[in-house]
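Just so it is clear: in the sequence shown, position 163 is 191 by our numbering, and no numbers are missing.
We put the CB at the ideal spot given by N, CA and C, even for glycine.
Down below is the structure, laid out as structure tokens.
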Amino acid sequence: MIRIREVNTTRPEQGKPAMTIAVYERVSSKAQDTKSQRPDLERWVDAYANGEAVKIYRDKFTGKTMERKGWKQLETDLEAGKVSKILVWRLDRIGRTASGLTKLFDYLTAKKITLISIKDGLDLGTSAGRLMANVLASVAQYETEVRAERVLAGQAVAKANGKTWGGSERGRLVTVKPEQVEAVKRYHAEGMKVAKIARTVGVSRPTVYRLLEQSATCP
């Protein structure tokens, strides 16, 4: 079984950070559980960790935004040189945007940190894995574009039939989570442009404007 081991942050004799395998688990909502991912992750650690320390990072948050507590902690440890490998059950546990995944692949490759995705059969530490990573990112981009085309086609049909698209009540925040609301307000206060806020948080630009408007009227 995967167990979080206590790890010294430095090796006294070398003054270097102690390296760990970072196991990242994520589900999209608080109602879901990471237990379905655990058996495959445990089997990999038992077979391939070779005694290396393991640390688990968990999130219950949408994959459209990288603003997650567990992921941000993992990023901090990456920057500190504490992580040798990242292990995930499936690639979409990390993120769902092609641009975000491609940027991550480039970063990890430059840092010589291995990313392993069990269900995708991906190992960024191999040349074949790096090729596969680019293919998966391209496929993700293709699927995103196809979905966008379907939405536009549906809008065109609705307009031709005299129907309006959507129709949610103004100010109604159906799918926006409290963490996203706080992220929008924080980024806006830091001077980030609305389009970039929308991409970072994983919501539409109209939603960002609506959240900021509500924040101004209800401080």
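> So, are the CB atoms of valine 82 and threonine 48 less than 8 Å apart?
Replying inline: Here valine 82 is near threonine 48, since their CB atoms are less than 8 Å apart.
>> Less than 8 Å between the C-beta atoms of glutamine 242 and valine 229, yes or no?
In response: Result no, Cβ atoms of glutamine 242 and valine 229 do not sit closer than 8 Å.
> Is it true that the CB of glutamate 53 sits closer than 8 Å to the CB of isoleucine 84?
Replying inline: The Cβ-Cβ distance between isoleucine 84 and glutamate 53 falls below 8 Å.
> Going by C-alpha distance, which of Ala138, Glu107, His216, Phe133 is nearest valine 163?
Replying inline: Comparing Cα positions, the closest option is Phe133.
>> Quick check on valine 231: buried or exposed, where buried means 16 or more other Cβ atoms within 10 Å of its Cβ?
In response: Its Cβ being crowded by 16 or more others within 10 Å, valine 231 is buried.
> For threonine 104, which of helix, strand or coil comes out of DSSP?
Replying inline: DSSP places threonine 104 in helix when its eight states are reduced to three.
>> Give the list of continuous beta strand (DSSP E) stretches no shorter than 3 residues that lie fully inside the region 117–192.
In response: With a minimum length of 3 residues, the continuous beta strand (DSSP E) runs that stay inside the region 117–192 are 142–145.
> Residues bridged to tyrosine 85 by DSSP?
Replying inline: When DSSP reads this structure, tyrosine 85 sits in a beta bridge with Tyr52.
>> Taking a contact to mean a Cβ-Cβ separation below 8 Å, would you say lysine 110 touches alanine 46 in this structure?
In response: Yes; because the gap between Cβ atoms is below 8 Å, this pair is in contact.
>> Suppose you measure from the CA of alanine 237 to the CA of glutamate 95; what does that come to, to the nearest Å?
In response: Just to set this straight, residue 237 is tyrosine in the shown sequence, not alanine. Rounded to whole angstroms, tyrosine 237 to glutamate 95 spans 19 Å at the Cα level.
> Considering lysine 224, what are the terminal residues of the alpha helix (DSSP H) in which it resides?
Replying inline: That run of the alpha helix (DSSP H) goes 222–229.
>> If the criterion is Cβ atoms closer than 8 Å, does the pair isoleucine 144 and leucine 136 meet it?
In response: Note that the C-beta distance between isoleucine 144 and leucine 136 is not below 8 Å.
> What three-state label does DSSP hand valine 236 in the structure shown?
Replying inline: In the structure shown, the three-state DSSP call for valine 236 is helix.
> Around the Cβ of arginine 121, are there at least 16 other Cβ atoms within 10 angstroms (buried) or fewer (exposed)?
Replying inline: Counting the other CB atoms within 10 Å of its CB gives arginine 121 a total of 16 or more, which places it among the buried residues.
> Are there 16 or more other CB atoms within 10 angstroms of the CB of glutamine 65, so buried, or fewer, so exposed?
Replying inline: Counting Cβ neighbours within 10 Å, glutamine 65 comes out buried, since at least 16 surround it.
> What residues are listed by DSSP as bridge partners for leucine 115?
Replying inline: DSSP lists Val51, Ile144 as partners of leucine 115.
> If you draw a straight line from the C-alpha of asparagine 78 to the C-alpha of tryptophan 99, how long is it?
Replying inline: It is roughly 24 Å from the alpha-carbon of asparagine 78 to the alpha-carbon of tryptophan 99.
> For leucine 180, is the classification buried or exposed, using 16 other Cβ atoms within 10 angstroms of its Cβ as the cut-off for buried?
Replying inline: Counting C-beta atoms within 10 angstroms of its own C-beta, leucine 180 has fewer than 16 neighbours from the protein chains shown and is therefore classed as exposed.
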